[in-house]
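Residue numbers (my numbering): 122 to 574.
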C-alpha cells in the first residue's frame, strides 16, 4: 500500500499557518483516498464508538483550545474528511474526529502548561498534526486492508527500525525480504520511539511521580546479572507501556533502556484493533488471552487455549535464557471507575494468573523475582466504564500527571497450600503503592474508601 502526499501537503500548510517552526520528520507516512477506500469495508472496527462510556469522557474537549491549536485541529479534520470516501464517512468520521479533538486538546493544555519536549522545544500545533496524521496513517496501513500487519508469533519482538548504514547492530529480521516488503518505506521506522513520541506530550512529566526507585535499581541489577524480573501491575490505560517508558526515562538512561527491554503480556485487542496495532508493533509482546475473553466465545475457546499454551512455552524459553523482564496485569484487564462514587479501585489480582507466572519462574531454573508495580494513568486515556469484548473502543486523551511505584519484592516462596498468601501480599503491596501515588499526585478523590481504612 502506498500513500499519496495529499494529507502531508495539507499538514505542512497547517503548520505554516500556525507557525514557521519545524516541518515533519522524514519517516512520516500520509493517507490517501485510495488507501482508505481499500480499507473502508473493515472500517467499523477502526476507532468505533463505545456503546457505554462515561459521561465525563464523552464531554466536549474543544472549549478551551487555543486559537492556534483549534485552527490546526479544524484543518486536520477537514483534510482527513476530504480523503474519506463517502461510504466510510458514516463509520469513521465521528470516532476519528473525536480522537483528533481529544488529542489536540491534550497537547493544547500541555503547551499552555509550558511542557517541553525532550530536546527542549515547545509543544506546538504542528507537532500535534504530525503525531496524529502519522499515527492514523500507520493505523490504516497496518491495522486494516491488504497490508494489515499480522503478528505471526505469540511472542513479538519490537520493531525498532533498520539502520542499513550500521550493519553491526542491524536486527537480523530486517535482512529478510518478507519484512522489508511488509514495511516498505517504513523499514527504518522505530515504532517504539514513535509510540512514545505520540503520548509523551500528553504526560505532565514535571508533576509526575516515580516511587520505589531503589527497588527499580535492584530489579535492573538482577536483570543485568541474568536473572528474571516479573512486574505484577495494575493496568489503567492503553498507554501504560508508554507510561512505563516515559517515566523510567525520567529516572535515567539505564532505566529508559530497561523500559525498552520489558516484554508486555497483552490480550488479543492490541494485535487486532487497528489503532492499537502500530503501537504494538513497537513493543515486546506475549499475546495471551485472558480467562474472561476465552470464556466469552465457546466456539473459539479451544483455539485460544492452544494459543495460550504456545505463549506459555515461548515465555518459559525466554525465562530459561535469563535476563527477561515481564510486565503483566494479573487482573486480566484495566481498572474501571466506580460510576457512582467516582473512585478508581484496582481490579483484583487473579490467583491462577499469578500462580502460572510463579510456576513458569520456578520451571525456568533461573532466579525469578516478583515486584508489584502500582500505576496511575487512568486520566491519560480514560477507558470505558464497562468491559467490552470487541475491539474499536472510543479513544479519550487527557494532559495529566502520571505515576508508577515499584513496590518491595515479594519472595517467591511457599508451597501450594499457601499460594494464595503470595497473591494477597502482591495485591496489598500494589494497593499501598497506588494509594501513595494518588496522594503524591494530589488525586485523593480517586482513592476508594476501603483503601483508607
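Heads up, the beta-carbon is just placed ideally off N, CA and C, and yes, glycines get one too.
For residue j and residue i, the rounded distance between their alpha carbons
i, j, result
"residue 550", "residue 522", "22 Å"
"residue 436", "residue 445", "9 Å"
"residue 500", "residue 520", "8 Å"
"residue 479", "residue 538", "14 Å"
"residue 459", "residue 378", "36 Å"
"residue 534", "residue 190", "55 Å"
"residue 366", "residue 381", "7 Å"
"residue 432", "residue 275", "5 Å"
"residue 395", "residue 421", "21 Å"
"residue 364", "residue 498", "7 Å"
"residue 554", "residue 490", "18 Å"
"residue 399", "residue 488", "34 Å"
"residue 567", "residue 467", "11 Å"
"residue 556", "residue 565", "8 Å"
"residue 442", "residue 573", "42 Å"
"residue 350", "residue 339", "10 Å"
"residue 167", "residue 292", "Because residue 167 carries a pLDDT of 47, less than 50, the predicted location of this residue cannot be relied on, and the following value inherits that uncertainty. Roughly 31 Å between the two C-alpha positions."
"residue 197", "residue 254", "8 Å"
"residue 309", "residue 266", "22 Å"
"residue 256", "residue 220", "11 Å"
"residue 558", "residue 548", "15 Å"
"residue 527", "residue 285", "38 Å"
"residue 199", "residue 205", "10 Å"
Outcome for residue i when other beta-carbon atoms lying within 10 angstroms are tallied against a minimum of 16
i, result
"residue 302", "exposed"
"residue 474", "buried"
"residue 344", "buried"
"residue 216", "buried"
"residue 176", "A caution first: residue 176 carries a pLDDT of 37, below 50, which makes its placement in the model too unreliable to give a value."
"residue 234", "exposed"
"residue 407", "buried"
"residue 207", "exposed"
"residue 430", "exposed"
"residue 252", "buried"
"residue 541", "exposed"
"residue 153", "The predicted model places residue 153 with a pLDDT of 41, which falls under 50 and marks its position as unreliable; any figure quoted below should be read in that light. The residue in question, residue 153, is buried, as its Cβ has 16 or more Cβ neighbours within 10 Å."
"residue 495", "buried"
"residue 471", "buried"
"residue 298", "exposed"
"residue 335", "exposed"
"residue 347", "exposed"
"residue 461", "exposed"
"residue 262", "buried"
"residue 369", "buried"
Per-residue DSSP class, three states only, for residue i
i, result
"residue 532", "coil"
"residue 352", "strand"
"residue 568", "coil"
"residue 557", "helix"
"residue 493", "strand"
"residue 148", "Interpretation of residue 148 is limited by its pLDDT of 38, a score under 50 that renders its predicted location unreliable; the figure taken from the coordinates is listed afterwards. Note: residue 148 maps to coil in three-state DSSP."
"residue 236", "coil"
"residue 273", "coil"
"residue 191", "helix"
"residue 526", "strand"
"residue 162", "Bear in mind that a pLDDT of 45 at residue 162, under 50, signals an unreliable position, so the number given afterwards is only what the model happens to contain. It is helical."
"residue 367", "helix"
"residue 243", "strand"
"residue 212", "helix"
"residue 324", "strand"
"residue 308", "helix"
"residue 447", "strand"
"residue 66", "The structure shown does not extend to residue 66, since the chain spans only 122 to 574, so no value can be given for it."
"residue 249", "helix"
"residue 385", "strand"
Residue nearest to residue i in terms of C-alpha spacing, selected from the options
i, options, result
"residue 218", "232, 234, 444, 193", "193"
"residue 249", "263, 267, 225", "225"
"residue 342", "327, 315, 376", "376"
"residue 397", "308, 260, 573", "260"
"residue 243", "255, 254, 188, 229", "229"
"residue 188", "246, 559, 237", "246"
"residue 524", "298, 372, 227, 305", "372"
"residue 598", "280, 532, 212", "Absent from the structure is residue 598, since the part of the chain shown begins at 122 and ends at 574."
"residue 232", "256, 282, 220, 326", "326"
"residue 482", "563, 294, 440, 543", "440"
"residue 185", "198, 214, 199, 223", "223"
"residue 409", "384, 561, 308", "384"
"residue 452", "277, 543, 413, 465", "413"
"residue 403", "307, 454, 240, 202", "307"
"residue 532", "294, 211, 493", "493"
Heavy atom of the ligand MN within 7 Å of residue i beta-carbon
i, result
"residue 210", "Although the ligand MN was asked about, the structure shown includes no ligands whatsoever."
Q. With contact counted as at least three CB pairs below 8 Å, one residue from each stretch, are the segment 302-320 and the segment 386-395 in contact?
A. no
Q | the segment 424-435 touching the segment 355-371, judged by at least three CB pairs closer than 8 Å | A | no
Q) Quick check: the segment 258-275 against the segment 325-338, are there 3 or more CB pairs under 8 Å? A) no
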